[in-house]
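> Structure below; questions to follow.
Protein chains: 2
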Amino acid sequence: MASAEAVLAVIDAAGAHVPELMDRLEVRLAELATGHGETLGAHAGATIAAGGKRLRPLLVLLAAGPPPDEASAVRLLRAAAAVELVHSATLVHDDVLDAAPLRRGRPTVFAQAGRLMATATGDLLFAQAFAELARNGRPRDVQVLSDASSALAAGELLQRADAWDVGVPRERYLERCDLKTARLFQAAGQLGAIEAGGPVEILGAFGRRVGLAFQLLDDVLDVSGPAERTGKHRGTDLLDGTVTLPLIVARDRDPGLAALDLRAVRTPEQAEGVCDRIAATGALDEARAQALEMVAAAKDALPALPEGQRGALELVADGVVHRFA
Amino acid sequence: MASAEAVLAVIDAAGAHVPELMDRLEVRLAELATGHGETLGAHAGATIAAGGKRLRPLLVLLAAGPPPDEASAVRLLRAAAAVELVHSATLVHDDVLDAAPLRRGRPTVFAQAGRLMATATGDLLFAQAFAELARNGRPRDVQVLSDASSALAAGELLQRADAWDVGVPRERYLERCDLKTARLFQAAGQLGAIEAGGPVEILGAFGRRVGLAFQLLDDVLDVSGPAERTGKHRGTDLLDGTVTLPLIVARDRDPGLAALDLRAVRTPEQAEGVCDRIAATGALDEARAQALEMVAAAKDALPALPEGQRGALELVADGVVHRFA
């Protein structure tokens with residue numbers, strides 16, 4: 134996620150409508166999460182209330198530009214909320230799978246209420262996303278979001294299928310990042326453009342590239358740390374068996390890493406040792422450079438847009454990079 | 134689920150179009166489940182291939198009657214497939230939560246591939262349901278299915294919230310059954326009626342009542358057995374902490390059951406002992422009678438429909454009962 138400051142800069146640049154819409158988004162998200170009553174929605178509500186930078190819904194708003202009227206604003210907010218709900222649903226499910234105690238500094242639904250509540254809470258958020266988006270009365274909206282949601286799940290499956298394989302091809306890694314991260318960013322760009330009658334393919338492609346860069350940089354951060362910034366030990370991906378770009382680059386430079394048995398890496402200390410060895414090859418710089426190229430390509434491919442809108446989209450792209458700088 | 138024989142009788146009664154559509158449904162379900170390639174879709178495909186009586190999609194087809202043309206048949210099949218995919222997604226997630234080794238006589242996704250793959254496979258089936266339904270180009274379809282999906286998740290949450298509470302109010306139990314089972318049957322009836330331009334509310338209400346009866350009878354079966362029929366020990370709900378109608382009725386007749394500490398019921402043998410004690414109060418007959426009343430009410434409320442269609446819908450309602458007779 135971009136830093137809070139970078140997001141605020143984007144909101145300033147994009148015009149006065151954005152902070153107002155982002156405020157309304159929070160209200161709507163809370164309503165949707167607790168739509169089945171406070172008891173049932175308690176965990177969904179807490180998940181939403183725990184925050185996050187709302188990068189994906191911000192991208193929906195920016196891809197649209199200022200809505201011409203209230204009806205358009207309402208539709209845009211529905212799309213923004215739906216994208217964030219799908220994202221939140223996957224986070225809740227991921228925390229179940231990882232048995233994660235904390236997210237964003239708060240106990241996860243899994244930690245507070247157990248696996249059953251957390252799985253059902255994720256399902257609820259997911260269903261509410263589609264319920265909200267369907268209110269727009271536009272089948273294309275639903276198609277875009279369901280395609281992205283299928284991709285997300287497929288990305289998770291691919292990650293599991295390739296787990297522990299240090300030799301996983303680079304293309305396969307990029308496909309995984311595309312499925313599990315970039316496609317929802319793409320949907321955000323598409324949904325904003327659909328509402329505004331803008332260039333759907335182009336703004337979708339922008340979102341997709343930014344999303345891919347986001348995932349690459351997140352994977353670098355897991356190796357580089359520092360732990361104080363990420364809130365977790367370096368090398369948690371390694372302990373999960375998840376092979377990412379830094380290791381893929383490093384294994385071609387260090388035969389010892391190419392022969393690594395990931396299942397033998399069992400403690401945070403061992404994982405940090407592998408992280409150090411990856412960093413020593415210079416692989417982190419190469420991975421970072423690849424992400425920066427993607428961001429530059431995303432910005433270059435932006436079409437002619439009103440100045441404020443274009444500037445704000447560029448700031449979002451830069452914000453993704455800045456978090457990791 | 135209705136017995137295979139009962140389902141075949143329904144298919145015969147409804148006319149020649151139904152077996153053909155049910156065959157096409159299987160083909161389409163398999164395509165959708167494996168839509169992200171054979172590797173990623175392997176578990177989703179196996180889940181679909183494991184079968185089931187397809188009671189919910191059958192209800193979609195019967196609520197519509199014979200489609201007037203191929204375009205209508207295609208839309209109807211999309212709705213039928215979407216409903217079954219949502220149902221399958223919840224089964225896969227339920228098996229994760231219950232750590233269930235077998236379903237329909239085959240190893241579950243959870244047992245074969247673990248919690249991560251099973252959770253992602255459920256998410257994939259869920260997303261594919263909405264992707265398929267959105268192709269109909271009718272926002273109302275998506276609204277109906279997403280409302281039912283939200284209800285399903287809320288029902289799971291309610292079940293967890295009320296777990297281990299022997300004193301749970303009867304109304305609360307019925308609300309849980311409505312959310313976790315009846316609302317998807319309702320959606321099936323609604324979706325069929327929407328396609329045919331039929332009475333959406335009425336056929337939705339029919340589905341909802343049949344679904345509620347289905348859940349009640351399923352809960353009776355968990356207490357009554359026999360185990361050879363259900364493929365699991367009697368009293369598995371008790372071991373889960375799930376309090377159902379038989380115990381709710383029985384606790385008012387047997388003070389010892391009202392004072393039961395469910396957490397102390399830990400072994401299948403203990404659970405079977407509680408089942409015997411519930412059965413001794415006559416509670417199973419009362420619970421069955423309540424379900425049969427619902428089925429009768431569902432049939433009585435059916436509107437004027439072509440004879441074949443009405444007869445087939447009545448047979449579906451009866452089939453739900455027969456499974457449990």
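Protein sequence lines correspond, in order, to chains X and L. Quick note: to get my numbering, add 133 to the position in the first sequence (first position is 1). Quick note: to get my numbering, add 133 to the position in the second sequence (first position is 1). Beta carbons: idealized from backbone N, C-alpha and C, even for Gly. Predicted model only: the values in this text are computed from it and were never measured.
Just checking: is the beta-carbon of L:Asp280 within a distance shorter than 8 Å of some beta-carbon in chain X?
Along the second sequence, read from residue 1 onward, the residue named residue 280 of chain L stands at position 147. Yes, L:Asp280 counts as interfacial toward chain X.
> Going by DSSP, name the residue or residues bridged to L:Pro240.
Mapped onto the second sequence, residue 240 of chain L falls at position 107. According to DSSP, L:Pro240 bridges with L:Leu235.
> Does the distance from the CB of L:Phe347 to the CB of L:Val453 come in under 8 Å?
Here residue 347 of chain L refers to the residue found at position 214 when the second sequence is read from its first residue. Here residue 453 of chain L refers to the residue found at position 320 when the second sequence is read from its first residue. Yes, Cβ-Cβ distance for L:Phe347 and L:Val453 is below 8 Å.
> Please work out which residues of its chain come closer than 7 Å, Cβ to Cβ, to L:Arg443, disregarding the five sequence neighbours upstream and downstream, and give them in chain order.
Within the second sequence, residue 443 of chain L is the residue found at index 310, counting from 1. Only Leu435 meet the Cβ criterion.
> Take X:Leu438 as the anchor and find which of X:Gly198, X:Ala296 and X:Ser205 has the nearest alpha-carbon.
The count along the first sequence starts at 1 and reaches residue 438 of chain X at position 305. Measuring from the Cα of X:Leu438, the nearest candidate turns out to be X:Gly198.
> Counting only beta-carbon separations shorter than 8 Å, does L:Phe243 have a partner in chain X?
Sequence index remark: in the second sequence, residue 243 of chain L carries index 110 (1-based). Chain X, which has no Cβ nearer than 8 Å to the Cβ of L:Phe243, makes this no.
> If you measure beta-carbon to beta-carbon, which residues of the stretch 297-330 of chain L are closer than 7 Å to chain X?
Here the close residues number zero.
> Are the CB atoms of L:Arg271 and L:Ala214 nearer to each other than 8 Å?
Along the second sequence, read from residue 1 onward, the residue named residue 271 of chain L stands at position 138. Along the second sequence, read from residue 1 onward, the residue named residue 214 of chain L stands at position 81. Cβ distance not < 8 Å, so L:Arg271 and L:Ala214 don't count as in contact.
> Under the three-state reduction of DSSP, which class applies to L:Leu354: helix, strand or coil?
The residue labelled residue 354 of chain L in the question sits at position 221 within the second sequence. Three-state result, L:Leu354: helix.
> What's the gap between the Cα of L:Val407 and the Cα of L:Glu289?
Within the second sequence, residue 407 of chain L is the residue found at index 274, counting from 1. Within the second sequence, residue 289 of chain L is the residue found at index 156, counting from 1. One C-alpha to the other measures close to 24 Å.
> Could you give the DSSP three-state label for L:Thr377: helix, strand or coil?
Position 244 of the second sequence, counting from 1, holds the residue named residue 377 of chain L. Looking at L:Thr377 - three-state DSSP - the assignment turns out to be coil, as it is neither helix nor strand.
> Using 8 Å as the threshold, is the stretch 365-374 of chain L in touch with the stretch 217-225 of chain L, meaning 3 or more CB pairs across them?
No: the two stretches stay apart, fewer than three of their Cβ pairs being nearer than 8 Å.
> Locate the alpha helix (DSSP H) running through L:Gly406, then write down its first and last residues.
Reading the second sequence from its first residue, position 273 is the one you call residue 406 of chain L. Segment Pro401 to Ala413, the alpha helix (DSSP H) holding L:Gly406.
> Alpha helix (DSSP H) containing L:Leu188: first to last residue?
As a working note, residue 188 of chain L is residue 55 in the second sequence. Segment Leu188 to Ala197, the alpha helix (DSSP H) holding L:Leu188.
> Indicate whether at least one CB of chain L lies closer than 8 Å to the CB of X:Asp256.
Locating residue 256 of chain X in the first sequence gives position 123, where the first residue counts as 1. Yes - at least one Cβ of chain L is within 8 Å of the one on X:Asp256.
> Between the alpha carbons of L:Ala142 and L:Ala383, how many angstroms are there, rounded?
Taking the first residue of the second sequence as position 1, residue 142 of chain L is located at position 9. Taking the first residue of the second sequence as position 1, residue 383 of chain L is located at position 250. Roughly 35 Å separates the two Cα atoms.
> Answer yes or no: does any C-beta atom of chain L fall closer than 8 Å to that of X:Glu153?
Residue 153 of chain X sits at position 20 when you count from the first residue of the first sequence. Judged by the 8 Å Cβ criterion, X:Glu153 is not in contact with chain L.
> Answer with buried or exposed for L:Arg341, where buried requires no fewer than 16 other C-beta atoms within 10 angstroms of its C-beta.
One-based indexing of the second sequence puts residue 341 of chain L at position 208. L:Arg341 should be labelled buried.
> For L:Arg359, which three-state DSSP category applies?
As a first step, residue 359 of chain L is located in the second sequence; it is residue number 226 there, counting from the start. A quick correction: the sequence has Pro, not Arg, at residue 359 of chain L. Correct three-state label for L:Pro359: coil.
> Using the three-state DSSP reduction, which class does X:Leu218 fall into: helix, strand or coil?
Within the first sequence, residue 218 of chain X is the residue found at index 85, counting from 1. In the structure shown, X:Leu218 sits in a helix (DSSP, three-state: H, G or I).
> Rounded to the nearest angstrom, what separates L:Ala196 and L:Leu393 at their Cα positions?
Locating residue 196 of chain L in the second sequence gives position 63, counting from the first residue. Locating residue 393 of chain L in the second sequence gives position 260, counting from the first residue. Taking the straight line joining both Cα atoms gives about 43 Å.
> Of all the options L:Gly184, L:Ala294, L:Arg396 and L:Leu165, which has the alpha carbon lying nearest to the alpha carbon of X:Ala251?
In the first sequence, counting from the first residue as 1, residue 251 of chain X sits at position 118. With distances taken between Cα atoms, X:Ala251 lies closest to L:Ala294.
> Kindly indicate the opening and closing residues of the alpha helix (DSSP H) around X:His460.
Coverage of chain X is limited to positions 134 through 458, which leaves residue 460 of chain X absent and any answer about it impossible.
> Between X:Arg399 and X:Ala424, what straight-line distance do the alpha-carbon atoms span, to the nearest angstrom?
The residue you call residue 399 of chain X lines up with position 266 of the first sequence. The residue you call residue 424 of chain X lines up with position 291 of the first sequence. Each residue's Cα considered, the two are about 29 Å apart.
> Can you give me the Cβ contacts of L:Cys310 inside the same chain, cut-off strictly under 7 Å, excluding the 5 residues immediately before and after it?
The sequence position of residue 310 of chain L within the second sequence is 177, counting from 1. These residues qualify, in order along the chain: Leu345, Gln348 and Leu349.
> What distance in whole Å lies between the Cβ atoms of X:Leu285 and X:Leu317, which are believed to be in contact at a cut-off of 8 Å?
Counted from its first residue, the first sequence places residue 317 of chain X at position 184. Counted from its first residue, the first sequence places residue 285 of chain X at position 152. That belief holds up - the Cβ atoms of X:Leu317 and X:Leu285 are roughly 6 Å apart, short of 8 Å.
> Tell whether a beta-carbon distance below 8 Å holds between L:Pro359 and L:Ala416.
For the purposes of this step, residue 359 of chain L is taken as residue 226 along the second sequence, with counting starting at 1. For the purposes of this step, residue 416 of chain L is taken as residue 283 along the second sequence, with counting starting at 1. No, the pair does not count as a contact, with Cβ atoms beyond the cut-off.
> Step through the CB atoms of chain X and report whether any lies within less than 8 Å of the CB of L:Gly270.
Locating residue 270 of chain L in the second sequence gives position 137, where the first residue counts as 1. At least one chain X Cβ lies under 8 Å of L:Gly270.
> What separation, rounded to the nearest whole angstrom, lies between the Cα atoms of L:His455 and X:Leu257?
Here the question's residue 455 of chain L lines up with position 322 in the second sequence. Here the question's residue 257 of chain X lines up with position 124 in the first sequence. Roughly 33 Å between the two C-alpha positions.
> May I ask you to list, following chain order, the residues of the stretch 209-228 of chain L that have a beta carbon less than 7 Å from some beta carbon of chain X?
Result list: His226.
> X:Ala271 by DSSP, collapsed to three states: which one?
Stepping through the first sequence from its first residue, residue 271 of chain X is reached at position 138. Inspection of the sequence shows that residue 271 of chain X is occupied by Arg rather than by Ala. The answer is coil: DSSP assigns X:Arg271 none of H, G, I, E or B.
> Please list the partners that X:Gln261 has in chain L, where partner means a Cβ-to-Cβ separation under 8 Å.
Walking along the first sequence from the start, residue 261 of chain X turns up at place 128. Going along chain L in sequence order, the residues near X:Gln261 (Cβ under 8 Å) are Ser279 and Ser283.
> Does DSSP put X:Ala434 in a helix, a strand or coil?
The residue given as residue 434 of chain X occupies position 301 in the first sequence. Correct three-state label for X:Ala434: coil.
> Just verifying my parser: in three-state terms, what is the DSSP assignment at X:Ala296?
The residue labelled residue 296 of chain X in the question sits at position 163 within the first sequence. Residue state, collapsed to three classes: coil.
> According to DSSP, is X:Gly330 helix, strand or coil?
As a first step, residue 330 of chain X is located in the first sequence; it is residue number 197 there, counting from the start. X:Gly330: coil per DSSP, three-state reduction.
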